[in-house]
Amino acid sequence: MSSVSAAIAHALKPLAPRIFGLMGNGNAHFLDAAVRAGFDYTAVRHESAAVSAADAYFRISNKLAIASTTYGAGYTNTTTALAEAAAARTPLLFVTGDAPTSGLRGWDVDQPAIDAAVRAPRYVVDRNTPGATALEAAAHALREQLPVVLAIPYDLAALDSLEEQLPDFASLRSTPPAPQLNSTQLEQIAAKLNASQRTHILYGRGAIDAAEQVQALAQKLGATTSGTLLARDLLDYEFDLGITGGFSTEANAAIIAQADTVLVFGASLNQFTMRFGELVADDATLIQIDLGCAATNPRVDYFATGDAALAAADLLGAVEQADDAWRAGLDLSELRSRPAGDDQASDGQLDPRRVASELQGILPANRVLVQDGGHFIGWGPMYWSTSGARSLACVGTAYQSIGLGIASMVGAAPAAEGRTVVLAAGDGGFLMGLADLESIVRTVESGVIVIYNDSAYGAEIHQYGSVGLHEDPMLIPTVDFAGIANSMGATGIRVGTLEDLAAVQQWVDAGARGVCLVDARVSTHVRAPYMEEVLSANKKVAAAAALQSGKGAGKR
Numbered sequence: 213m214s215s216v217s218a219a220i221a222h223a224l225k226p227l228a229p230r231i232f233g234l235m236g237n238g239n240a241h242f243l244d245a246a247v248r249a250g251f252d253y254t255a256v257r258h259e260s261a262a263v264s265a266a267d268a269y270f271r272i273s274n275k276l277a278i279a280s281t282t283y284g285a286g287y288t289n290t291t292t293a294l295a296e297a298a299a300a301r302t303p304l305l306f307v308t309g310d311a312p313t314s315g316l317r318g319w320d321v322d323q324p325a326i327d328a329a330v331r332a333p334r335y336v337v338d339r340n341t342p343g344a345t346a347l348e349a350a351a352h353a354l355r356e357q358l359p360v361v362l363a364i365p366y367d368l369a370a371l372d373s374l375e376e377q378l379p380d381f382a383s384l385r386s387t388p389p390a391p392q393l394n395s396t397q398l399e400q401i402a403a404k405l406n407a408s409q410r411t412h413i414l415y416g417r418g419a420i421d422a423a424e425q426v427q428a429l430a431q432k433l434g435a436t437t438s439g440t441l442l443a444r445d446l447l448d449y450e451f452d453l454g455i456t457g458g459f460s461t462e463a464n465a466a467i468i469a470q471a472d473t474v475l476v477f478g479a480s481l482n483q484f485t486m487r488f489g490e491l492v493a494d495d496a497t498l499i500q501i502d503l504g505c506a507a508t509n510p511r512v513d514y515f516a517t518g519d520a521a522l523a524a525a526d527l528l529g530a531v532e533q534a535d536d537a538w539r540a541g542l543d544l545s546e547l548r549s550r551p552a553g554d555d556q557a558s559d560g561q562l563d564p565r566r567v568a569s570e571l572q573g574i575l576p577a578n579r580v581l582v583q584d585g586g587h588f589i590g591w592g593p594m595y596w597s598t599s600g601a602r603s604l605a606c607v608g609t610a611y612q613s614i615g616l617g618i619a620s621m622v623g624a625a626p627a628a629e630g631r632t633v634v635l636a637a638g639d640g641g642f643l644m645g646l647a648d649l650e651s652i653v654r655t656v657e658s659g660v661i662v663i664y665n666d667s668a669y670g671a672e673i674h675q676y677g678s679v680g681l682h683e684d685p686m687l688i689p690t691v692d693f694a695g696i697a698n699s700m701g702a703t704g705i706r707v708g709t710l711e712d713l714a715a716v717q718q719w720v721d722a723g724a725r726g727v728c729l730v731d732a733r734v735s736t737h738v739r740a741p742y743m744e745e746v747l748s749a750n751k752k753v754a755a756a757a758a759l760q761s762g763k764g765a766g767k768r
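Under the working numbering, the first residue of the sequence shown is numbered 213, with each subsequent residue one higher.
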């Protein structure tokens with residue numbers, strides 16, 4: 213007879229044959245069964261990395277992966293990464309050990325309560341239907357686009373399974389038809405678009421599979437287009453403006469501000485995409501079409517629930533052919549240009565803009581970009597090109613975390629399909645994920661790690677140090693990341709001057725095999741433009757609060 217763990221592995225192998233994990237008491241039998249069954253298993257060095265790697269794997273490959281850890285401390289170490297996957301709506305299956313069926317022991321925690329707190333659905337296996345439960349969990353993850361926890365009670369993992377037959381997975385995953393615009397919605401949106409003289413279409417990650425339909429609609433409407441960070445350059449379209457929001461160029465933002473109608477497909481319209489309220493002109497009409505049930509920003513004038521591809525196709529047949537007057541008169545010559553930066557900043561350290569600009573011409577062109585969070589986060593997307601629709605992942609940004617992006621390199625590597633994986637990180641976040649530098653060196657065939665090493669938590673320096681908060685808690689002693697990389701088998705290159713980048717070029721020319729870590733010593737004196745927007749928004753909020761407080765005091 214098969215064990216409970218073996219039954220789970222047998223059921224999941226056809227659906228998610230790749231596991232990122234760290235073995236412990238609670239998942240030892242499952243990982244034993246999985247490896248014997250032929251799963252592709254990647255060992256990580258911190259439990260959080262198991263979930264982050266599985267998260268990144270889906271974002272790049274669009275395929276389900278498994279993360280696995282033990283119970284207790286192994287489980288709680290994943291909580292931040294699990295919260296990120298839930299916030300980003302990334303499907304993955306987290307197979308973890310759990311307390312025995314007899315109840316919590318002294319070292320157990322209430323894992324069901326934590327699952328609920330991070331909004332991760334939970335399934336618990338038993339001896340009677342372990343494989344069926346595993347299939348239900350995987351189907352839930354794919355159907356609802358969420359991370360799902362599959363818990364194995366400790367006392368059941370090695371027992372014989374009593375299961376006789378598995379259910380049909382297709383029936384478990386079956387979903388209702390994708391929502392379409394109804395006739396009234398279609399008529400109303402088409403009327404607004406037909407009346408528009410300057411239409412702009414903004415697409416997000418939810419429109420990645422609708423590129424053909426969105427581009428055809430843009431062409432018919434005489435519209436410009438742009439994408440959010442996670443859907444950048446989705447369209448091969450002459451009038452695509454590039455990234456929208458905080459990472460856009462001023463030329464990009466100026467053109468979008470001219471639009472009298474902005475049509476949004478599959479984008480959440482968060483504060484960064486909306487440039488803190490500055491993206492769309494006050495008198496413009498903002499239309500959002502999304503799978504959700506309500507608008508994601510109060511600025512939206514018209515919202516409709518709908519699948520991006522179906523909605524764009526239906527609108528294509530409903531709108532009139534527009535003239536090309538506005539679009540043809542636009543000056544797109546400086547659309548993608550960025551300030552190259554100076555050789556050095558005022559403190560003698562490198563200008564991070566110049567580092568990014570120089571690396572654009574050095575890094576292998578066929579690449580995937582993964583990012584951690586921090587002040588540096590825009591330098592990669594703003595200056596470095598990528599290849600393909602799913603070629604950029606920012607694990608951590610949905611939950612406003614740093615440190616999770618490091619292990620995303622481990623998950624992106626098997627999904628990269630021969631492309632070089634480039635990781636952009638700050639020194640603070642990289643130190644959080646340092647354990648998995650070993651995982652990166654061991655598993656990544658072609659990878660570059662660029663650390664913007666400013667000896668500080670840069671976002672805090674610019675956001676809070678600039679308004680007078682004490683900087684000591686924001687500083688980090690300068691770390692020799694190049695030396696650490698060399699000691700672990702990577703090629704570590706310390707970059708203190710632009711001339712030092714020649715060593716990176718030599719690594720690329722030699723074949724770009726293995727992992728090259730670029731320890732770029734950058735200045736804290738260069739503030740990113742998107743951080744300027746954050747500071748400006750904070751000042752507006754503070755001023756409004758002060759004004760309201762003054763009005764209240766007058767009433768008293």
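Note that the Cβ used here is the ideal one computed from N, Cα and C, for glycine as well. Just so you know, these numbers come straight off a predicted model, no measurement behind them.
What's the call for residue i, buried or exposed, on a 16-neighbour Cβ count within 10 Å?
i	result
Ala328	exposed
Leu368	buried
Cys505	exposed
Arg706	buried
Arg725	exposed
Asn464	buried
Val337	buried
Leu429	buried
Asp543	exposed
Leu316	exposed
Thr396	exposed
Val679	exposed
Asp721	exposed
Gln431	buried
Glu296	buried
Asn665	buried
Ser460	buried
Leu681	exposed
Got a sec? Which residues, its chain only, sit under 6 Å from residue i by beta carbon, not counting five neighbours each side?
i	result
Gly615	Gly641, Met644 and Gly645
Gly286	Gly236 and Glu259
Ala218	Ala245
Trp319	Gly284
Ala628	Val580
Ala534	Leu433 and Gly434
Examine chain B for any beta-carbon lying closer than 8 Å to the beta-carbon of residue i, and answer yes or no.
i	result
Ala262	Any reference to chain B falls outside this structure, which holds one protein chain only.
Within a Cβ cutoff of 7 Å, which residues of the same chain sit near residue i, ignoring the five residues on either side of it in sequence?
i	result
Asn406	Val531 and Glu532
Ala507	Gln500 and Phe515
Arg631	Asn578, Arg579, Val580 and Ser599
Ala262	Phe232, Gly233, Leu234, Val256, Ala279, Ser280, Thr281 and Thr290
Thr655	Thr254, Val622 and Ala625
Arg417	Thr440, Leu442, Ala443 and Gly478
Check the C-beta distance from residue i over to residue j and give it rounded, since I have them as a contact under 8 Å.
i	j	result
Gln392	Ile574	In fact, because the Cβ distance is near 47 Å, the residues do not count as touching under 8 Å.
Ser620	Val607	4 Å
Ser735	Asp495	With a Cβ gap of about 41 Å, Ser735 and Asp495 do not count as contacting.
Gly332	Leu224	The amino acid at residue 332 is misidentified as Gly; the sequence shows Ala. Actually they are not in contact, since the Cβ atoms of Ala332 and Leu224 sit about 17 Å apart, beyond 8 Å.
Leu710	Glu570	6 Å
Could you tell me the alpha carbon to alpha carbon distance between residue i and residue j, rounded to whole angstroms?
i	j	result
Glu375	Pro324	25 Å
Phe449	Ala349	The question names Phe, yet the displayed sequence has Tyr at residue 449. Each residue's alpha carbon lies about 40 Å from the other.
Ala637	Ala403	46 Å
Thr411	Trp538	9 Å
His587	Met686	12 Å
Ala493	Asp472	7 Å
Ser545	Phe451	11 Å
Glu745	Ile420	27 Å
Leu371	Asp252	24 Å
Thr387	Asp731	47 Å
Leu503	Gly309	34 Å
Leu604	Val582	6 Å
Glu683	Arg739	16 Å
Thr690	Ile413	44 Å
Gln612	Cys728	27 Å
Arg511	Val216	52 Å
Val426	Ala552	32 Å
Starting from the C-beta of residue i, find all residues in its chain whose C-beta is less than 8 Å away, skip the five residues before and the five after it, and write them out in chain order.
i	result
Ser314	Asp367
Thr288	Val321 and Ile326
Asn482	Thr508 and Asn509
Q | Three CB pairs or more closer than 8 Å across the stretch 355-362 and the stretch 468-477 | A | no
Q. Do the stretch 264-280 and the stretch 299-307 meet, that is, are 3 or more Cβ pairs less than 8 Å apart?
A. yes
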